[in-house]
Amino acid sequence: MLSLWIPPLVASINMHQSLIMHHHHQLVAMYQMAKTRRRTTQFSSVWREDNANIDRSVLITGNPKFDPQIALLGDARISDDGSRVQLTSPHASSSGLLLCKDRFKFFGSSRKKTSSFSTEFEFSFTGNGDNLSLVMGPNNFASEFLGQGPFEVSSEKGYLGIEFGASMDGNVGDSNTTLVSVSVNNELFTHSVTNSGESLKSWIDYDPSSKRLEIRLSKSSGKRPYNPIIAYSIDLSKMWEANEVHVALGSRNGGNLSDTFYVYSWRFRLRNFPNWMHSLPVDPHGSVDKGNESLRVHSRTFCPFTVLAGMIFATGCGALLAFMVLFVWAIFANKHTVFPIEGNVQPVDFRYEKISVVVEKGGKVVKN
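For the sequence shown, UniProt numbering gives the first residue as 1, with consecutive numbering after it.
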């Protein structure tokens, strides 16, 4: 009897094992699908949250030294007196970003016009580990920059990155002298600045006709230097083409709580001009701030007062030229003119009489 029950029991056990293994594989597959879906959902939510943060970000509107469409992201915050922006906070892995909300295209409405840009910003720092980065690129890099992972800036990825850092150098021999390291797409340059806690100012200009990026740096109390500290050759038209470009200024403390960057002003200007016409970078102070402008693209507009002033100037020049011609003609025309002598001419009668002279000479009379 026992031998009759064993085969069905073994078959039942094998069937249950098969069902258990089948359900196990189904559960594993469902887990993998849920994990993948959760990753996708997390990435999408981060992307949506980042865009939402940009839309809800604080704008710098009360300080005329900043463009009105600059948004604060991450740990960036405005000081209590509104005079500066602190990019990082005194806690580990802090990062802050100033972002131009409006993007721009390197080419104008037609590919015959390219863009020249100029930017200037004033900053100061505490410590030696921080970097202040000006980043420009076609992608929305805000979430990547503000994240915990590394953020690599390279031309291969379509980024232009200019970083400012500071380190004390004992070889300089002056405790107030700071070596400011400037990195353009991970190519390092150094420039010594005598700094005793004073803020610095940088001017960055790009001219597409010469494909030249110029970087200037001095104390904030000084004037714009004539010669740049860095002249870097780069063709941004090939790197960006017709893509929209984001512009941001940010800092990450890298876990060093004593390192902080402060930004006191930031302006960004853009100007389009034909490729055949050479153009120098535009002065960021050459435009008047308006509440609804961000990048302030300069274009020629028709102004009736300009036309009227030109007509008045041309008329005045023509009248002056006519006066000079008439004056010269009068001088040369009157040079050979003979003026008659005016007066009453009366005829006068005259007579000729012979006069005889009698001279007594030696007792004799001689008559001539």
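Idealized CB from N, CA, C, for every residue including glycine.
Bear in mind the structure is a predicted one, so any value in this text is a computation, not a measurement.
The alpha helix (DSSP H) enclosing Ser237, as first and last residue numbers = 236-240
query = Roughly how many angstroms separate the alpha carbons of Glu122 and Trp203, rounded to a whole number?
reply = 9 Å
ask   = Closest to Ala248 by CA distance: which of Ser94, Phe305, Ser115, Glu120 is it?
value = Glu120
request  = Could you check what DSSP says for Cys317 in three-state terms: helix, strand or coil?
outcome  = helix
message = Which same chain residues end up closer than 6 Å to Leu134 when comparing Cβ atoms and leaving out the 5 residues on each side of it in sequence?
response = So the qualifying residues of the chain are Ile162, Leu249.
Sequence-distant residues of its chain with Cβ nearer than 6 Å to Asn243 (five each side left out) = Pro138
query = Buried or exposed: Val325, going by 16 or more other Cβ atoms within 10 Å of its Cβ?
reply = exposed
query = Which value, in whole angstroms, describes the spacing of the CA atoms of Lys219 and Ser124?
reply = 10 Å
task = Would you mind sorting Cys100 into buried or exposed? The rule is 16 or more other CB atoms within 10 Å of its CB.
result = Label assigned to Cys100: buried.
message = Can you find the residues in the same chain that come closer than 6 Å, C-beta to C-beta, to Glu214, ignoring five residues on each side of it along the sequence?
response = Asp205, Pro228, Ala231
task = Return the residue from the list Phe189, Ser237, Lys223 that minimises the CA-CA distance to Pro208.
result = Ser237
inquiry  = Assuming contact is defined by CB atoms lying nearer than 8 Å, are Gly263 and Leu87 in contact in what I supplied?
reply    = The question names Gly, but residue 263 in the sequence shown is Val. The answer is yes: Cβ separation under 8 Å.
task = Express the C-alpha separation of Ser199 and Ala92 in angstroms, rounding to a whole number.
result = So the two alpha carbons sit approximately 25 Å from each other.
message = Cutting at 6 Å between CB atoms, please list the residues of its own chain near Leu321, excluding the five before and the five after it.
response = Hits under 6 Å: none found.
key: Residues near Ile78 by beta carbon distance below 6 Å, same chain, minus five either side   = Val85
ask   = On the premise that Asp235 lies in contact with Lys201, defined as a C-beta separation below 8 Å, what is that separation, rounded to the nearest angstrom?
value = The C-beta distance from Lys201 to Asp235 rounds to 27 Å, too long to fall under 8 Å, and the pair is not in contact.
inquiry  = Bridge partners for Ser95 per DSSP, in chain order?
reply    = Arg252
query = For Phe106, which three-state DSSP category applies?
reply = Phe106 falls in the coil class under three-state DSSP.
ask   = How long is the line joining the alpha carbons of Gly96 and Leu132, rounded to whole angstroms?
value = The straight-line gap from Cα to Cα measures roughly 10 Å.
message = Are the CB atoms of Met136 and Leu98 within a distance shorter than 8 Å?
response = Their beta carbons are not under 8 Å apart, which means Leu98 does not touch Met136 by this criterion.
message = I'd like to know whether the C-beta atoms of Trp240 and Gly316 end up nearer to each other than 8 Å.
response = Cβ atoms of Trp240 and Gly316: not closer than 8 Å.
ask   = I think Ser265 touches Phe104, with their Cβ atoms under 8 Å apart; what is that distance to the nearest whole Å?
value = Contact doesn't hold; Cβ gap of about 20 Å is too wide.
ask   = Using CA coordinates, which residue listed in Phe164, Ser83, Arg267, Lys223 is at the minimum distance from Asn253?
value = Phe164
query = Nearest-angstrom Cα distance between Phe106 and Val245?
reply = 7 Å
Rounded C-alpha distance that separates Leu308 from Ala314 = The straight-line gap from Cα to Cα measures roughly 10 Å.
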